[in-house]
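Engineer:
And the structure:
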């Protein structure tokens, strides 16, 4: 019988053999842990020794060099668990803003934690700040969620501007061309190029303000040199929801947070595209085969355009009734009260129509332009006509208009600014290189012009055309401190046109 001294080397060799071949897998239960040896060429007695050995119970395979995880200190298995268990409270709204409104809509229906978090006003304040819908210095709203809802962003919340405009309509879920806007709305457009094929009609009740403006992103935001494009094709058919669409989460909106019936987001319409932004401005390119269709047709209410570059093209030759980038005209078949007459405010906007006029304001409308440019239009740059029409143009450029569109049937030879009837106030502007006249005021009784501190140079036939001497309109016309020369030199005022 072997002595204890002889047994020790055998036990040590068996111990080393176990450490070399045994593969230990740990099973954790609520109250105990067990070890199991798999695929080991050891006898049953050897496995019994391993299972009863406290030393092997603490052994870790030498190749892994890592300690077995402690169940109480394990990291969350995914981001959602981390948000609920370990994420700092003030960081959660920023993560939700980064995830986007569609993901927030889904998380809202996940569990109580996300539902309560998304309902908080503090969350919506951070989301509004992170998506540049509100910045320090702006007036704080009474409801941050309502601010987010009434300030849809393209393409973050909606893929198209016409779809975002539906938020202000009486029935947002319906795609009707003649719907009237019953509430104010501020549509924010991220920098990029947007191809639009659907005209937008403004018929806001109670003179509500409809605003479309480009988001001013800070310098720290990355802008790729790759050209960004978003194809926006109108589909006027009405979509019908069913059980399959509902349970597949194909239709989901953020108004489910407050159980509202208004449609806010439509994942079926939302198309995430690569945000390769080369320009710091929002460029709207409108092209349609329909005859005499403007990009914006303002019939009632107030429209505000800011920081946009508009390029327009349509079929047809009616440059009075539709073939223009912006058409301001009350509906002819019904009476429009004075407070609801159409008006448009443009600020830092560039307008070009390759088929017709830039801006048409007739029959009692109002247009106000500040730091804008109307350039390279086929016909007149700015046309004002009809009793009661009014125009204010300040710090702007009306440049190189009337170039014609022979393919479309619009001949060359038009004025930069044509005032047929109404009143106009032009201050600190450059009106040059137009093919016919710089400014033409026509009506002897109702074309009243105030022109000051402006340059009218290098226009085709005449720099300034005024009503006849002795007429009522000529008597009311005011011309002060201007440069009016056929070969003069002047600087651009808007900051939107590069010196050529």
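Numbering (the numbering used here), first residue to last: 1 to 500. Yeah, the Cβ is synthetic: ideal placement off N, Cα and C, and Gly gets one too.
Among 313, 77, 319, 406, whose alpha-carbon lies nearest the alpha-carbon of residue 199?
Structural biologist: What you label residue 199 is simply residue 199 of the chain shown in a count that begins at 1. Ranking 313, 77, 319, 406 by Cα distance to residue 199 puts 313 first.
Engineer: With which residues is residue 104 paired in a DSSP beta bridge?
Structural biologist: Your numbering for residue 104 matches position 104 in the chain shown. Paired residue(s): none; residue 104 is not in a bridge.
Engineer: Would you say the segment 456-476 touches the segment 366-374, given that touching needs at least three Cβ pairs under 8 Å?
Structural biologist: No, the segment 456-476 is not in contact with the segment 366-374.
Engineer: Straight-line CA distance for residue 283 to residue 471?
Structural biologist: Counted from its first residue, the chain shown places residue 283 at position 283. Counted from its first residue, the chain shown places residue 471 at position 471. Near 43 Å, if we compare the C-alpha coordinates of residue 471 and residue 283.
Engineer: Return the Cβ separation of residue 193 and residue 305 in integer angstroms, given the expectation that the two are a contact with Cβ distance under 8 Å.
Structural biologist: As a working note, residue 193 is residue 193 in the chain shown. As a working note, residue 305 is residue 305 in the chain shown. That belief does not hold up - the Cβ atoms of residue 193 and residue 305 are roughly 17 Å apart, past 8 Å.
Engineer: Apart from the five residues just before and just after residue 131, which ones in its own chain have a Cβ nearer than 7 Å to its Cβ?
Structural biologist: Position 131 of the chain shown, counted from the first residue, corresponds to residue 131. Around residue 131: 97, 153, 156.
Engineer: Excluding sequence positions up to five away, which residues of its chain have a Cβ less than 6 Å from the Cβ of residue 456?
Structural biologist: Counted from its first residue, the chain shown places residue 456 at position 456. The residues are 431, 438, 463, 464, 484.
Engineer: Going by DSSP, which residues form a beta bridge with residue 192?
Structural biologist: Within the chain shown, numbered from 1, the residue matching residue 192 stands at position 192. 282.
Engineer: Going by the CB atoms, is the gap between residue 425 and residue 384 shorter than 9 Å?
Structural biologist: Position 384 of the chain shown, counted from the start, is the residue given in the question as residue 384. Position 425 of the chain shown, counted from the start, is the residue given in the question as residue 425. No, the pair does not count as a contact, with Cβ atoms beyond the cut-off.
Engineer: With 16 as the cutoff for other CB atoms within 10 Å, does residue 277 come out buried or exposed?
Structural biologist: Indexing the chain shown from 1 puts residue 277 at position 277. Interpretation of residue 277 is limited by its pLDDT of 38, a score under 50 that renders its predicted location unreliable; the figure taken from the coordinates is listed afterwards. Flag for residue 277 reads buried.
Engineer: Establish whether the CB of residue 106 and some CB of chain D are separated by less than 9 Å.
Structural biologist: This model lacks chain D altogether; it includes just one protein chain.
Engineer: How would you call residue 105, buried or exposed, if buried means at least 16 neighbouring beta carbons within 10 angstroms?
Structural biologist: For the purposes of this step, residue 105 is taken as the residue at position 105 of the chain shown. So residue 105 counts as buried.
Engineer: Could you check the C-alpha separation between residue 361 and residue 344 for me, to the nearest Å?
Structural biologist: Along the chain shown, one-based indexing puts residue 361 at 361. Along the chain shown, one-based indexing puts residue 344 at 344. The alpha-carbon atoms of residue 361 and residue 344 are separated by roughly 9 Å.
Engineer: With DSSP collapsed to three states, give me the class of residue 493.
Structural biologist: As a first step, residue 493 must be located in the chain shown, where it is residue number 493. Reduced to three states, the DSSP call for residue 493 is coil.
Engineer: DSSP three-state call for residue 435: helix, strand or coil?
Structural biologist: Translated into the one-based positions of the chain shown, residue 435 becomes position 435. Here residue 435 sits in coil by DSSP.
Engineer: Using a 10 Å radius around the Cβ and a threshold of 16 neighbouring Cβ atoms, would you call residue 290 buried or exposed?
Structural biologist: Position 290 of the chain shown, counting from 1, holds the residue named residue 290. Flag for residue 290 reads exposed.
Engineer: Are the CB atoms of residue 357 and residue 414 nearer to each other than 9 Å?
Structural biologist: Position 357 of the chain shown, counted from the start, is the residue given in the question as residue 357. Position 414 of the chain shown, counted from the start, is the residue given in the question as residue 414. Yes; because the gap between Cβ atoms is below 9 Å, this pair is in contact.
Engineer: Go ahead and pull the three-state DSSP assignment for residue 197.
Structural biologist: Position 197 of the chain shown, counted from the first residue, corresponds to residue 197. In this structure, residue 197 counts as coil in the three-state DSSP scheme.
Engineer: Return the residue from the list 492, 330, 444 that minimises the CA-CA distance to residue 477.
Structural biologist: Translated into the one-based positions of the chain shown, residue 477 becomes position 477. Of 492, 330, 444, the residue nearest in Cα terms is 444.
Engineer: Report the three-state DSSP secondary structure of residue 487 (helix, strand or coil).
Structural biologist: Counting from one through the chain shown, the residue named residue 487 turns up at place 487. In the structure shown, residue 487 sits in coil (DSSP, three-state: anything other than H, G, I, E or B).
Engineer: Please confirm whether residue 189 and residue 214 have their CB atoms less than 9 Å apart.
Structural biologist: As a position in the chain shown, residue 189 is number 189, starting the count at 1. As a position in the chain shown, residue 214 is number 214, starting the count at 1. A contact, by the Cβ cut-off of 9 Å.
Engineer: Do the CB positions of residue 191 and residue 280 come within less than 9 Å of each other?
Structural biologist: As a first step, residue 191 must be located in the chain shown, where it is residue number 191. As a first step, residue 280 must be located in the chain shown, where it is residue number 280. Cβ atoms of residue 191 and residue 280: closer than 9 Å.
Engineer: Keeping to the same chain, check which residues put their C-beta closer than 8 Å to that of residue 454; ignore five residues upstream and five downstream.
Structural biologist: As a working mapping, residue 454 is identified with position 454 in the chain shown. 426, 427, 428, 429, 430, 431, 482, 483.
Engineer: Would residue 458 and residue 488 be called neighbours here (beta carbons separated by less than 9 Å)?
Structural biologist: For the purposes of this step, residue 458 is identified with residue 458 of the chain shown, where counting begins at 1. For the purposes of this step, residue 488 is identified with residue 488 of the chain shown, where counting begins at 1. Yes, these two residues count as a Cβ contact at 9 Å.
Engineer: Taking only the alpha-carbon atoms, compute the straight-line gap between residue 140 and residue 110 and give it to the nearest angstrom.
Structural biologist: Counting from 1 along the chain shown, the entry for residue 140 is found at position 140. Counting from 1 along the chain shown, the entry for residue 110 is found at position 110. Roughly 30 Å separates the two Cα atoms.
Engineer: Excluding the five sequence neighbours on either side, which residues of its own chain have a C-beta within less than 7 Å of the C-beta of residue 390, listed in chain order?
Structural biologist: As a position in the chain shown, residue 390 is number 390, starting the count at 1. Closer than 7 Å at Cβ, skipping near neighbours: 366, 422, 423.
Engineer: What ranges does the alpha helix (DSSP H) occupy inside the segment 132-187, keeping only unbroken runs of at least 4 residues that lie completely in it?
Structural biologist: List check, alpha helix (DSSP H) in window: 144-149, 161-165.
Engineer: For residue 405 and residue 440, which I take to be in contact (beta-carbon distance under 8 Å), what is that distance rounded to the nearest angstrom?
Structural biologist: Residue numbering aside, residue 405 sits at position 405 when the chain shown is read from its first letter. Residue numbering aside, residue 440 sits at position 440 when the chain shown is read from its first letter. Not a contact, Cβ separation roughly 20 Å.
Engineer: What are the boundary residues of the alpha helix (DSSP H) that includes residue 324?
Structural biologist: Numbered from 1 along the chain shown, position 324 holds the residue referred to as residue 324. Premise fails: residue 324 lies in the beta strand (DSSP E), 324-328, not in any alpha helix (DSSP H).
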